Amino acid sequence: MLRDHWYALLESREVPAGRPVGVTRLDRRMVFWRGPDGVVRCVHDCCCHRGASLAAGELRGGGLACPFHGFVHQGDGRVSLIPANGRAAPVGDQYRVEAWPVREAHGFIWLWFGEDREELPPLPFFEDLAEPGWSWGSAVDDWPIHYTRAMENQLDVVHLPFVHRRSIGRGVGTVVHGPLVRQQGVSIRFWVQNVQDDGQVVAKRPDQIGQEDAGVELEFRFGNVWQNKLGPKFRVMLAFVPVDADNTRIYLRVYQRFVTVPLIAGLVNWVANIFNLRILREDKAVVLTQQPRRTHLKMGEKLIPGDMPIVAFRRYRAERLGE
Ligand code: FES
Ligand SMILES: [Fe+2]
Numbered sequence: 004m005l006r007d008h009w010y011a012l013l014e015s016r017e018v019p020a021g022r023p024v025g026v027t028r029l030d031r032r033m034v035f036w037r038g039p040d041g042v043v044r045c046v047h048d049c050c051c052h053r054g055a056s057l058a059a060g061e062l063r064g065g066g067l068a069c070p071f072h073g074f075v076h077q078g079d080g081r082v083s084l085i086p087a088n089g090r091a092a093p094v095g096d097q098y099r100v101e102a103w104p105v106r107e108a109h110g111f112i113w114l115w116f117g118e119d120r121e122e123l124p125p126l127p128f129f130e131d132l133a134e135p136g137w138s139w140g141s142a143v144d145d146w147p148i149h150y151t152r153a154m155e156n157q158l159d160v161v162h163l164p165f166v167h168r169r170s171i172g173r174g175v176g177t178v179v180h181g182p183l184v185r186q187q188g189v190s191i192r193f194w195v196q197n198v199q200d201d202g203q204v205v206a207k208r209p210d211q212i213g214q215e216d217a218g219v220e221l222e223f224r225f226g227n228v229w230q231n232k233l234g235p236k237f238r239v240m241l242a243f244v245p246v247d248a249d250n251t252r253i254y255l256r257v258y259q260r261f262v263t264v265p266l267i268a269g270l271v272n273w274v275a276n277i278f279n280l281r282i283l284r285e286d287k288a289v290v291l292t293q294q295p296r297r298t299h300l301k302m303g304e305k306l307i308p309g310d311m312p313i314v315a316f317r318r319y320r321a322e323r324l325g326e
């Protein structure tokens with residue numbers, strides 16, 4: 004798991020007021036809840052006393068009370084009350100669980116997984132999708148595979164006319180020019196252009212194409228979000244949530260701003276998502292067959308120029324993981 008990144012881990016609607024929510028994320032048991040102010044907190048879902056799950060506890064005293072012996076844990080991980088010692092007794096600093104900084108924005112709950120910093124970097128959400136006018140609908144799909152395979156599938160610009168030959172890839176050319184890849188900070192942007200193979204054409208190298216004739220633009224941002232800029236008014240956005248070493252949850256969203264009447268927009272987004280989920284399951288059917296289950300920079304796969312976005316992804320990770 005890459006440290007020192009923001010991860011979109013849940014949708015806002017999944018953490019209601021009034022009760023804690025226990026989930027596995029980033030290979031850890033975590034519990035999320037909203038404080039009296041509505042702000043979301045997250046701590047390790049394992050009581051510091053004797054290891055019970057806090058997710059079955061109750062919200063009390065501004066924090067979360069363990070169901071076993073009532074220790075109240077606050078959002079910073081500290082225990083504020085040990086009932087057996089008496090409310091008047093001080094609580095030592097050693098009574099605490101791990102806590103993570105959390106932000107809520109764009110309908111997601113984001114968690115900073117990394118070192119404590121005075122000032123955390125901005126959320127890696129897409130600025131253009133944060134503009135007013137967009138509406139979105141979402142769907143969820145669980146993939147029993149390591150998140151690197153799931154993410155790389157959306158960096159794979161070669162598979163379209165094969166995996167999606169009966170849907171969005173029908174008739175799409177098999178030859179891939181470029182792709183052009185631009186990497187900056189946590190962002191990998193890439194442009195792809197597919198052309199028909201007339202038996203004469205050879206795929207152009209990235210330096211032989213300009214951004215203007217480079218076709219569709221896609222972008223991945225570490226830790227875990229991606230968008231396909233299908234048009235100025237229509238986007239597909241994904242969040243790949245690492246659950247554990249063998250499981251990834253994908254939040255799939257359609258963003259559009261050509262229908263603005265709320266009820267009709269809701270219906271359009273819902274229908275578009277059914278379609279997109281179908282496309283995503285075409286990907287899933289192939290990705291779940293991939294071996295090994297997770298990827299590394301030097302793993303012996305025989306990549307081609309069309310795989311450049313995947314190489315950029317693996318390099319970024321390898322540098323930070325010290326591989
Ligand atoms: S195990 Fe949580 S209070 Fe004892
Ligand atoms: Fe695909």
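With the numbering used here applied, the sequence shown corresponds to residues 4 to 326, in that order. Ideal Cβ positions, reconstructed from N, Cα and C, are used throughout, including at glycine. Note that the structure is predicted; figures quoted are calculated from it, not measured.
Residue of Ala153, Cys69, Gly140 minimising C-alpha distance to Val3:
The shown model of the chain, from 4 to 326, leaves out residue 3, and the question about it has no answer.
With Leu306 and Asn276 assumed to form a contact (beta carbons below 8 Å), what rounded beta-carbon distance in angstroms separates them?
Wrong, their Cβ atoms sit about 32 Å apart, outside the cutoff.
On the CB-based measure, 16 or more other CB atoms within 10 Å of its CB, does Gly60 come out buried or exposed?
Around the Cβ of Gly60, a 10 Å sphere holds 16 or more other Cβ atoms; the residue is buried.
For Asn227, does the three-state DSSP call read helix, strand or coil?
Assigned with DSSP and collapsed to three states, Asn227 falls in coil, not helix or strand.
Sequence-distant residues of the same chain with beta carbon closer than 6 Å to Phe129, five excluded per side:
Excluding sequence positions up to five before and after Phe129, its CB lies within less than 6 Å of the CB of Gln230, all in the same chain and listed in chain order.
Measure the alpha-carbon distance for Leu280 versus Tyr98 and round it to whole angstroms.
Between Leu280 and Tyr98, the C-alpha separation is close to 45 Å.
Contiguous beta strand (DSSP E) assignments of at least 3 residues, all confined to the segment 169 to 237
Look at the segment 169 to 237 and you find these whole runs of beta strand (DSSP E), each 3 residues long or longer: 178 to 187, 190 to 198, 219 to 224, 228 to 234.
Within the continuous alpha helix (DSSP H) that includes Asp286, where are the two ends?
For Asp286, the enclosing alpha helix (DSSP H) stretches over residues 265 to 290.
Along the chain, where does the beta strand (DSSP E) that runs through Phe116 open and close?
Start and end: 111 to 116.
Give me, in chain order, the residues of the same chain whose beta-carbon lies closer than 7 Å to that of Pro182; leave out the 5 immediate sequence neighbours on both sides.
These residues qualify, in order along the chain: Val160, Phe193, Trp194, Val195, Pro209, Gly309, Met311, Pro312.
Any idea what DSSP makes of Glu122, helix, strand or coil?
Three-state result, Glu122: coil.
Distance CB(Leu266)-CB(Leu114) smaller than 9 Å
Taking 9 Å as the cut-off, the Cβ atoms of Leu266 and Leu114 do not count as close.
Less than 8 Å between the CB of Val105 and some heavy atom of ligand 2, yes or no?
Of the heavy atoms belonging to ligand 2, none sits nearer than 8 Å to the Cβ of Val105.
With DSSP as the reference, label Tyr254 as helix, strand or coil.
When secondary structure is reduced to three states using DSSP, Tyr254 falls in the strand class.
For Val34 and Val189, I'd like the C-alpha separation in whole angstroms.
For Val34 and Val189, the distance between alpha carbons rounds to 27 Å.
Might you give, ordered along the chain, the residues of its own chain that have their beta carbon closer than 7 Å to the beta carbon of Asp286, omitting 5 neighbours on each side?
A distance below 7 Å between beta-carbons, with the five flanking residues on each side excluded, links Asp286 to the following residues of its chain, in chain order: Asn156, Val166.
Put Gly140 into one of helix, strand or coil per three-state DSSP.
Three-state result, Gly140: strand.
Do the segment 41 to 56 and the segment 70 to 78 touch if we need at least three Cβ pairs shorter than 8 Å?
They touch, by the three-pair rule.
Heavy atom of ligand 1 less than 8 Å from the Cβ of Arg53, yes or no?
For Arg53, the shortest separation between its Cβ and any heavy atom of ligand 1 lies below 8 Å.
Relative to the alpha-carbon of Phe316, which residue among Ala108, Val239, Tyr150, Leu57 has its alpha-carbon at the smallest distance?
Here the closest residue by C-alpha is Tyr150.
Please identify the residue among Arg63, Glu101, Phe74 whose C-alpha is closest to the C-alpha of Asn88.
Taking only the C-alpha atoms, the option nearest Asn88 is Phe74.
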